[in-house]
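Read the structure below first, then the notes.
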Amino acid sequence: MKYVSRVLWFVVKNLFIIGLVIAVIVMAFSVAMDITNSYVLTTDGMKKRAEVVLQQEDSTELPKFFTTEFIEQDSLLNSGLYKNFKISDFDYEVNVEHLWAWPWSDSAEATISERATVRGEMNKDAMTQEQIDAGEKISPPTWEGGRYKVTLLRVDGKWKLDKLELIELLPEDESGSYIPQKP
Numbered sequence: 001m002k003y004v005s006r007v008l009w010f011v012v013k014n015l016f017i018i019g020l021v022i023a024v025i026v027m028a029f030s031v032a033m034d035i036t037n038s039y040v041l042t043t044d045g046m047k048k049r050a051e052v053v054l055q056q057e058d059s060t061e062l063p064k065f066f067t068t069e070f071i072e073q074d075s076l077l078n079s080g081l082y083k084n085f086k087i088s089d090f091d092y093e094v095n096v097e098h099l100w101a102w103p104w105s106d107s108a109e110a111t112i113s114e115r116a117t118v119r120g121e122m123n124k125d126a127m128t129q130e131q132i133d134a135g136e137k138i139s140p141p142t143w144e145g146g147r148y149k150v151t152l153l154r155v156d157g158k159w160k161l162d163k164l165e166l167i168e169l170l171p172e173d174e175s176g177s178y179i180p181q182k183p
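The letter at position 77 of the sequence shown is residue 77 when you use UniProt numbering, and the numbering goes up by one with no holes.
What follows is the structure, encoded as structure tokens:
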């Protein structure tokens, strides 16, 4: 009887350890999958947002990346800041500095920094006659780079960007480098 109980205890103990190891592996895989999906969504979504704002592109792809509330409330998307400009080129960079998503949670948070260099000029139909006669070339407004706290939500099993809160502005200096500044 003592032999049977020792064997039974050995089997139960090892099954428990194996189950625990499998649970840790599944949890790690789930966390890695959520973080990877969130990372790709954040970088691709922010780049698409910049393209829509700067090039007045069709915004029908934005709901793949952003919640409806975000799209309706985003001041940059709805400002029309660059609508009177012909953007010839832009360099956009977004860096995910920190990102975490628990597999059992329907929200995740990230810290990102973004910056863009915009080149172009104002459309002639948006200029005054004096500006046209003087041959002025009016550059587009500078993109305000910044560090943001991003909140992502899981909507119908897919991650979407829901909130973008400014942490600090990252203005350019003369050399083109960005200097952190609190808002």
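Built from N, CA and C at the ideal position, the CB exists for glycine as well.
The structure displayed is predicted, hence computed values, not measured ones.
Unbroken alpha helix (DSSP H) runs of length 4 or more, entirely within the segment 57 to 136: which are they?
68 to 73, 75 to 79 and 129 to 133
Assumed close pair S30, A108 - CB separation to whole angstroms, cut-off 8 Å:
The count along the sequence shown starts at 1 and reaches residue 30 at position 30. The count along the sequence shown starts at 1 and reaches residue 108 at position 108. With 8 Å as the limit, S30 and A108 do not qualify as a contact, their Cβ atoms being about 13 Å apart.
Below 8 Å between beta carbons: does that hold for L77 and V52?
Taking the sequence shown and counting its residues from 1, the one referred to as residue 77 is at position 77. Taking the sequence shown and counting its residues from 1, the one referred to as residue 52 is at position 52. Taking 8 Å as the Cβ cut-off, L77 and V52 qualify as a contacting pair.
Could you pull out every residue in the same chain whose Cβ sits closer than 6 Å to the Cβ of T43, ignoring the five residues on either side in sequence?
Here residue 43 refers to the residue found at position 43 of the sequence shown. For T43, where only same-chain residues beyond five positions count, the Cβ hits under 6 Å are V94.
Contact defined as beta carbons within less than 8 Å: I believe T151 pairs with K163. What is the distance between those atoms, to the nearest angstrom?
In the sequence shown, counting from the first residue as 1, residue 151 sits at position 151. In the sequence shown, counting from the first residue as 1, residue 163 sits at position 163. About 4 Å separates the two Cβ atoms, so the contact holds.
To the nearest whole angstrom, what separates the beta carbons of Y148 and L169, a pair I think is in contact under 8 Å?
Translated into positions along the sequence shown, residue 148 becomes position 148. Translated into positions along the sequence shown, residue 169 becomes position 169. Y148 to L169, Cβ: 10 Å. No contact.
Express the C-alpha separation of W100 and A32 in angstroms, rounding to a whole number.
Numbered from its first residue, the sequence shown carries residue 32 at position 32. Numbered from its first residue, the sequence shown carries residue 100 at position 100. The alpha-carbon atoms of A32 and W100 are separated by roughly 9 Å.
Run the CB neighbour count on G157, radius 10 Å, all protein chains shown included, and call it buried at 16 or more, exposed below.
Against the sequence shown, residue 157 aligns to sequence position 157. So G157 counts as exposed.
Can you tell which of M27, I22, V11 and V96 has its C-alpha closest to the C-alpha of W102?
For this step, residue 102 is matched to residue 102 along the sequence shown. Considering only alpha carbons, the answer is M27.
Where DSSP assigns a beta bridge to W9, which residues make up the other side?
As a first step, residue 9 must be located in the sequence shown, where it is residue number 9. According to DSSP, which records beta bridges pairwise, W9 is partnered with nothing at all.
7 Å CB neighbourhood of F65 in its chain, flanking five on each side removed
Counted from its first residue, the sequence shown places residue 65 at position 65. So the qualifying residues of the chain are L41, D44, G45, K48, K160 and L161.
Does the contact criterion of 3 or more C-beta pairs under 8 Å hold for the segment 9 to 29 versus the segment 79 to 95?
no
In its own chain, which residues sit with a C-beta less than 7 Å from the C-beta of V155, not counting the 5 before and 5 after it?
Within the sequence shown, numbered from 1, the residue matching residue 155 stands at position 155. Same-chain partners within the cutoff: T67.
Output the distance between the C-alpha atoms of I132 and R115, rounded to the nearest integer angstrom.
Residue numbering aside, residue 132 sits at position 132 when the sequence shown is read from its first letter. Residue numbering aside, residue 115 sits at position 115 when the sequence shown is read from its first letter. About 31 Å.
With distance defined between alpha-carbon atoms, name the residue in M1, I35, R6 and W143 nearest to D106.
Position 106 of the sequence shown, counting from 1, holds the residue named residue 106. Here the closest residue by C-alpha is I35.
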